[in-house]
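**Student:**
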Amino acid sequence: MSRQRHRFQHRFRLLALASIVLALAVIVLPFDGARRNFGVVEAGHIYRSAALSPAQTKTLAERHGIKTIVDLGAFDRDKGKETAAQRTADALGVRRHVFRLEGDGTGNPNQYVAALKLLADEANHPVLVHCATGAQRTGACIILYRHIIQGRSIESVYPEAFDYRHSPGDNWKLMAYLADWTDEITSSFESGRPIAGFPPPPAGSTKSASKPAAIAADGH
Numbered sequence: 001m002s003r004q005r006h007r008f009q010h011r012f013r014l015l016a017l018a019s020i021v022l023a024l025a026v027i028v029l030p031f032d033g034a035r036r037n038f039g040v041v042e043a044g045h046i047y048r049s050a051a052l053s054p055a056q057t058k059t060l061a062e063r064h065g066i067k068t069i070v071d072l073g074a075f076d077r078d079k080g081k082e083t084a085a086q087r088t089a090d091a092l093g094v095r096r097h098v099f100r101l102e103g104d105g106t107g108n109p110n111q112y113v114a115a116l117k118l119l120a121d122e123a124n125h126p127v128l129v130h131c132a133t134g135a136q137r138t139g140a141c142i143i144l145y146r147h148i149i150q151g152r153s154i155e156s157v158y159p160e161a162f163d164y165r166h167s168p169g170d171n172w173k174l175m176a177y178l179a180d181w182t183d184e185i186t187s188s189f190e191s192g193r194p195i196a197g198f199p200p201p202p203a204g205s206t207k208s209a210s211k212p213a214a215i216a217a218d219g220h
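In this note's numbering, the protein residues as written are 1 to 220.
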């Protein structure tokens, strides 16, 4: 089967699924900011959320024993919060990895490959995956995790994203991105070869925990 035809079939199935969801008028409950779109992907292994404050990060890390944070670009536009997030991880002794992706879940597919490799290695567990709202980039990463690592079909796991505030009506680009790049991301993950035409994740995407520092107490 040609790559173009495979992409078309992916798009068709996802579009059909999204159309059904919209036709049924799925109700999205108001966002509870206190919960920060938190969810359990695999108990004891992988968790997901929106961006967290230092105090929220500390609470969640201690509650679930988080060893690794995979940040999909939550603080790209706020240097102060980016610095605070890294200092918090350092203080907790948690390794933090940053992958720059677009807010709609699109972007360099090699970034997703690198993030998935971290999720696949149980030496990194428990892992917290997050972006800004926990909906698009995090949703795509977890969809790809369930498909590539757990062996489930994209169509069967895509609806999980609806529970975390992804709406195909508001962001159709994510569905198209998954249709276009899932096969290439899978191939790169399995072969270890980066996807051509995109730069590999920079060395700075992996940040080691350093000397512990005090964690700021805040109410955010």
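Glycine included, each C-beta is placed from N, C-alpha and C at the ideal position.
All of these numbers come straight from a predicted model, not from anything done at the bench.
Just to confirm before moving on: does the CB-CB distance between residue 154 and residue 116 stay below 8 Å?
**Tutor:** Residue numbering aside, residue 154 sits at position 154 when the sequence shown is read from its first letter. Residue numbering aside, residue 116 sits at position 116 when the sequence shown is read from its first letter. No, these two residues do not count as a Cβ contact at 8 Å.
**Student:** I'd like to know whether the C-beta atoms of residue 118 and residue 111 end up nearer to each other than 8 Å.
**Tutor:** In the sequence shown, residue 118 corresponds to position 118, counting from 1. In the sequence shown, residue 111 corresponds to position 111, counting from 1. Not a contact, by the Cβ cut-off of 8 Å.
**Student:** Exposed or buried, residue 193, counting other C-beta atoms within 10 Å across all chains shown (16 or more means buried)?
**Tutor:** Along the sequence shown, one-based indexing puts residue 193 at 193. It counts as exposed.
**Student:** Excluding the 5 residues preceding and the 5 following residue 123 in the sequence, name in chain order all residues of the same chain whose CB lies nearer than 8 Å to its CB.
**Tutor:** Position 123 of the sequence shown, counting from 1, holds the residue named residue 123. Taken in chain order, the list of residues that qualify is empty.
**Student:** Measuring only the C-alpha atoms, how far is residue 107 from residue 142?
**Tutor:** To locate residue 107, count along the sequence shown from 1; it is residue 107. To locate residue 142, count along the sequence shown from 1; it is residue 142. One Cα belongs to residue 107, the other to residue 142, and the distance between them is close to 16 Å.
**Student:** Can you tell me the Cα-Cα spacing of residue 134 and residue 43, whole angstroms?
**Tutor:** The residue you call residue 134 lines up with position 134 of the sequence shown. The residue you call residue 43 lines up with position 43 of the sequence shown. C-alpha separation (whole angstroms): 18 Å.
**Student:** In three-state terms, what does DSSP make of residue 135?
**Tutor:** Locating residue 135 in the sequence shown gives position 135, counting from the first residue. Residue 135: coil per DSSP, three-state reduction.
**Student:** Taking the CB atoms as reference points, tell me whether residue 132 and residue 50 lie closer together than 8 Å.
**Tutor:** Numbered from 1 along the sequence shown, position 132 holds the residue referred to as residue 132. Numbered from 1 along the sequence shown, position 50 holds the residue referred to as residue 50. Yes, Cβ-Cβ distance for residue 132 and residue 50 is below 8 Å.
**Student:** How about residue 104 and residue 173: do their beta carbons lie closer than 8 Å?
**Tutor:** Reading the sequence shown from its first residue, position 104 is the one you call residue 104. Reading the sequence shown from its first residue, position 173 is the one you call residue 173. Contact: yes.
**Student:** If I measure Cβ to Cβ from residue 164 and keep anything under 8 Å in the same chain, skipping five residues before and after, which residues do I get?
**Tutor:** Numbered from 1 along the sequence shown, position 164 holds the residue referred to as residue 164. The residues are 37, 39, 48, 134, 135, 138 and 139.
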